[in-house]
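In the working numbering, the protein residues as written are 68 to 357. From the three backbone atoms N, C-alpha and C, an ideal C-beta is built for every residue, glycine too. Below is one structure, written out as structure tokens; the observations come after it.
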């Protein structure tokens with residue numbers, strides 16, 4: 068009887084482990100199948116990557132995604148400017164300074180922050196940040212790169228904080244004790260020993276945060292203004308790749324060029340996020356080997 072239970076448990080664990088690979092491959096095959104005919108057919112790759120004219124429903128349709136790509140990159144980049152120092156600072160405090168109940172409380176709060184739905188963050192951007200930006204900076208519209216970047220930065224911060232804290236805690240205590248025995252202060256131990264020893268893990272946290280931000284949809288759709296535009300300042304409205312797919316896919320005819328163009332955006336998104344997450348995974352594996 069015990070043999071059957073052990074075998075069943077192994078099979079169940081194997082299915083659970085392999086399912087992630089099956090789902091990823093399935094998603095990639097589906098997205099590629101729906102968009103490949105358009106990519107190798109009507110799509111002009113030069114126009115796709117260099118033009119800002121995204122007019123898939125006009126009489127003379129154009130499929131320039133440059134403004135969408137730049138809009139996504141600008142929002143994600145601004146979000147990282149906020150979330151990277153905030154996340155790494157929080158991870159340092161939790162891992163190196165907080166103790167006992169303080170540490171556990173902060174970890175719970177960080178996890179609760181990660182559980183807030185993206186649509187709620189979108190409402191915060193529209194209802195709270197939008198009028199604040201208009202009032203503080205005296206601009207006509209508050210749904211901008213600044214708004215979306217702030218919201219996205221707060222959304223990406225929890226996962227980055229958690230991974231960065233794990234990387235800092237993975238540094239052996241013997242490193243800290245040896246540095247302190249040589250007369251190093253607390254900050255010198257952190258700056259010259261702990262951070263250099265965990266730099267690959269911190270980089271992996273940042274890369275995963277970038278991937279999280281690059282693939283966000285609802286909050287960016289609601290907070291960015293959803294305007295096709297090459298931003299020149301944080302107060303410009305933009306449109307992101309994910310927001311474009313979410314906003315337009317429901318109004319397209321399945322199998323049409325507009326439908327295919329949205330899946331072409333999906334292929335681009337999948338490739339970019341896959342490369343980012345693969346890079347982060349390679350970095351983490353490098354840490355474990357060391």
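- Message: Quick check: the Cα distance between residue 261 and residue 245, rounded to an integer number of angstroms?
- Response: 12 Å
- Other residues of its chain near residue 349: CB distance less than 6 Å, five sequence neighbours each side excluded: none
- Environment of residue 107 [buried if 16+ CB atoms lie within 10 Å]: exposed
- Query: For residue 99, does the three-state DSSP call read helix, strand or coil?
  - Reply: helix
- Message: Could you check whether residue 280 and residue 134 sit closer than 8 Å to each other, using their CB atoms as the reference points?
- Response: no
- According to the neighbour-count rule (16 or more other Cβ atoms, all chains shown, within 10 Å of its Cβ), is residue 226 buried or exposed? buried
- Contact belief for residue 289 with residue 192 at Cβ below 8 Å, rounded distance in angstroms: 6 Å
- Query: Helix, strand or coil: how does DSSP classify residue 77 here?
  - Reply: helix
- Query: With a cut-off of 8 Å, do at least 3 Cβ pairs link the segment 174 to 191 to the segment 129 to 144?
  - Reply: no
- Task: Using alpha carbons as the reference points, say which of 84, 317, 222, 304 lies closest to residue 283.
- Result: 222
- Taking C-beta to C-beta, are residue 294 and residue 287 nearer than 8 Å? no
- Task: List the residues that DSSP assigns as beta-bridge partners of residue 121.
- Result: 130
- Output yes or no for whether 8 Å exceeds the beta carbon distance between residue 274 and residue 346. yes
- Message: I want to check one thing, is the minimum distance from the CB of residue 156 to the heavy atoms of the ligand ADP below 7 Å?
- Response: Absent from the structure shown: the ligand ADP. Ligands present: none.
- Message: Less than 8 Å between the beta carbons of residue 155 and residue 269, yes or no?
- Response: yes
- Which whole-angstrom value is the C-beta distance of residue 149 and residue 161, which I expect to be below 8 Å? At roughly 19 Å, the Cβ-Cβ gap does not stay under 8 Å, so residue 149 and residue 161 are not in contact.
- Query: Per the contact definition of three or more C-beta pairs closer than 8 Å, is the segment 191 to 206 in contact with the segment 120 to 134?
  - Reply: no
- Report yes if the C-beta distance between residue 181 and residue 230 is below 8 Å; otherwise report no. no
- Task: Using only alpha-carbon positions, find the residue among 266, 215, 211, 254 that is nearest to residue 238.
- Result: 266
- Query: Candidates 330, 234, 341: which alpha carbon is nearest residue 98's?
  - Reply: 330
- Taking residue 215 as the reference, which of 327, 127, 285, 122 has the closest Cα? 285
- Alpha-carbon to alpha-carbon, residue 184 and residue 159: 26 Å
- Task: Could you check how far apart the C-beta atoms of residue 212 and residue 291 are, in whole angstroms? I think they sit under 8 Å.
- Result: 7 Å
- Message: Suppose you measure from the CA of residue 325 to the CA of residue 113; what does that come to, to the nearest Å?
- Response: 18 Å
- Query: Among residues of its own chain, excluding the 5 on either side of residue 264, which ones have a beta-carbon nearer than 7 Å to its beta-carbon?
  - Reply: 238, 242
- Message: Considering Cα atoms alone, identify which of 259, 248, 319, 138 is closest to residue 299.
- Response: 138
- Task: Please go through the same chain and pick out, in chain order, the residues whose beta-carbon is closer than 7 Å to the beta-carbon of residue 303, but skip the five residues on each side of it.
- Result: 211, 212, 296
- Query: Considering only the beta carbon of each residue, do residue 335 and residue 311 sit closer than 8 Å?
  - Reply: no
- Taking the Cβ atom as the reference point for each residue, do residue 103 and residue 130 lie within a distance shorter than 8 Å? no
- Query: Are there 16 or more other CB atoms within 10 angstroms of the CB of residue 255, so buried, or fewer, so exposed?
  - Reply: exposed
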